[in-house]
Structures are given as structure tokens and as C-alpha cells.
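Residue numbers for the sequence shown follow our numbering, beginning at 62 and rising by one. We put the CB at the ideal spot given by N, CA and C, even for glycine. None of these values were measured; they are calculated from a predicted model. Down below is the structure, laid out as C-alpha cells.
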Amino acid sequence: MIKGIIFDLDGVLVSTDELHYQAWKRLAQELDIKDFTKEDNEKQRGVSRMESLEIVLNKGDKVYSLEEKEELAERKNAYYVDLLETLDNKAVLCGVVKTIRYLKQLGMLIGIGSVSKNTPAILQKTELDQYIDKVSCGLDITNSKPDPEVFLVAAGKLGLEPENCLVVEDSAAGIVAAKAAGMKSLGVGPYYKSLSATYEATGLDTDIPWETILQN
Ligand code: BG6
Ligand code: MG
């Protein structure tokens, strides 16, 4: 029986992909990496900031020290944070508010499980914070998805056992993390069919058999 839903943030509740892409693209250009594409950016879905940086650097041939990499990741984040200034509730994906309101009516606890360290700012700017009971994010963890830590921390904060939580995710790393946490999952987004989630839907704006999912 499911008692809490743990939502990933980027690509599930909020459309931030384009902003991440623009910030990484700007950094790539500064590093003389001209062919950083949307396809490369797709590989960064659900992946931590430092691992995402590696995906960018792999497109070039220069070798950087750990200190330099930290500076590069910070620089990208500064570009991203600037872009987040433009974020408001219009960035909330279709069907999200309606779904969360419905789940709350059914008595579900609502959590966030995201590796993004910008989670609190994004929740506030999009006004989604009013619907969320507990947040587990990049600021709470040392191991990124596919490690289960972010979801186990979320379940702990919600006061629930893993088997009573359902994860909603758009990334392969996130679905692996949910499984490793002992949680069922609902895969959404452009790759929902290839995620091997317990349940699948194109997005939260479609008909999802919630009552069946929550009873299993
Ligand atoms: C994930 C995104 O939610 O957060 C990744 O899907 C991103 O693309 C990661 O790299 C880390 O985000 P941030 O905001 O801490 O750099
Ligand atoms: Mg995501």
C-alpha cells in the first residue's frame, strides 16, 4: 500500500532542461567545445552536476584537475542560477498541480527526491513548495542517483518505509535508484518506455490509474 509519492523535480514537475542546456552550452563554448548538442544534454538527465560536467569535458580533449573541474561546475551553476531568475509557475509541467492536489486528497504524503542543489529555489520560484511535505535534494546527500540515498532520505523525512513509497521519475538513473531503494516507480517523460519503471505514462497530464497503483 502506497502512502507517499516521491517526485523527481527536473523533467517531472518542472521544465528546466532548456535552462540547464543553455548554461552547459555556454560553458562548453568557453572551453572551445563547439559540438555540445541537445543529445549530449539528454545524457545529463538525472545526473549530478559533477558527472554532467564530465559529459561536457568528454567532448573535448583537455585534461582538468579536480580544482579546475570544481571551478567549471561552479561557473556553469552561476549561469544556470542567472537563468533561473526567469523561472515562475509557467515552468510547471502540465497536469502537475492537478495531480498533486488529487493525491493529497487521497491522503498521500508528497516528497521530492532530486539530486539538484537548486531544488529549494526552484520549488519556491514555481510556487510548488506549498504542495510539498518534505524535500530531499542534492544538499542532503553524498551519493547521486543511481544510488538510492536521495529517495531513502525522502522516505525517512516523510516517516515512511520504502515499500510504502512510489517514485515518479524521468531518468534511467532515477528508476535504478528507486529500485535500489526498494520502491515502486512510475516512469514519465520522453523516454518513459525505455526506463523499465514499474508503471509508465507519457506525463502527469495523462490518465494514470492512481487508485490501482496506490493499492498495489
Ligand atoms: C538533475 C538534473 O535533476 O539535477 C541534472 O536532471 C542536473 O541535469 C542535476 O545535472 C544537478 O542539478 P544542480 O542544479 O545541482 O546542478
Ligand atoms: Mg529528472
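Residue i to residue j, Cα distance in whole Å?
{"i": "I116", "j": "K206", "result": "16 Å"}
{"i": "D208", "j": "E224", "result": "17 Å"}
{"i": "L88", "j": "V124", "result": "15 Å"}
{"i": "E272", "j": "A134", "result": "42 Å"}
{"i": "Y163", "j": "G156", "result": "11 Å"}
{"i": "D78", "j": "M62", "result": "33 Å"}
{"i": "V142", "j": "T263", "result": "28 Å"}
{"i": "K130", "j": "L265", "result": "36 Å"}
{"i": "A216", "j": "L144", "result": "31 Å"}
Could you check where the alpha helix (DSSP H) with residue i kicks off and where it finishes?
{"i": "G65", "result": "Note, G65: premise wrong, no alpha helix (DSSP H); beta strand (DSSP E) at G65 to F68."}
{"i": "S113", "result": "R110 to L118"}
{"i": "T160", "result": "V157 to Q166"}
{"i": "G217", "result": "E210 to L219"}
Would residue i be called buried (16 or more neighbouring beta carbons within 10 Å of its own) or exposed?
{"i": "E30", "result": "What is shown of the chain runs 62 to 277, which leaves residue 30 out entirely."}
{"i": "A139", "result": "exposed"}
{"i": "L167", "result": "exposed"}
{"i": "D71", "result": "buried"}
Going by beta carbon distance, what residues of the same chain come within less than 8 Å of residue i, once the five residues before and after it are set aside?
{"i": "F212", "result": "I67, G174, S197, P223, C226, V228, A238, A239, A242 and M244"}
Excluding sequence positions up to five away, which residues of its chain have a Cβ less than 6 Å from the Cβ of residue i?
{"i": "G107", "result": "K206, S232, A234 and G235"}
{"i": "S109", "result": "V176 and S205"}
{"i": "S113", "result": "Q105"}
{"i": "K178", "result": "G199 and L200"}
{"i": "K64", "result": "L221 and N225"}
Where do the ends of the beta strand (DSSP E) carrying residue i lie?
{"i": "E230", "result": "C226 to E230"}
{"i": "I171", "result": "L170 to G174"}
{"i": "L247", "result": "K245 to G248"}
{"i": "K195", "result": "K195 to S197"}
Which residues in the same chain as residue i place their Cβ atom closer than 7 Å to its Cβ, once the five residues preceding and following it in sequence are excluded?
{"i": "R136", "result": "L88"}
{"i": "L118", "result": "Y125"}
For the region 193 to 205 and the region 80 to 96, state whether three or more C-beta atom pairs, one from each stretch, are separated by less than 8 Å. Per the Cβ contact rule, the region 193 to 205 is not in contact with the region 80 to 96 (fewer than 3 Cβ pairs under 8 Å).
Spell out a yes or no on whether the region 135 to 151 and the region 186 to 196 are touching, meaning 3 or more CB-CB pairs, one atom from each, closer than 8 Å. Yes, they touch.
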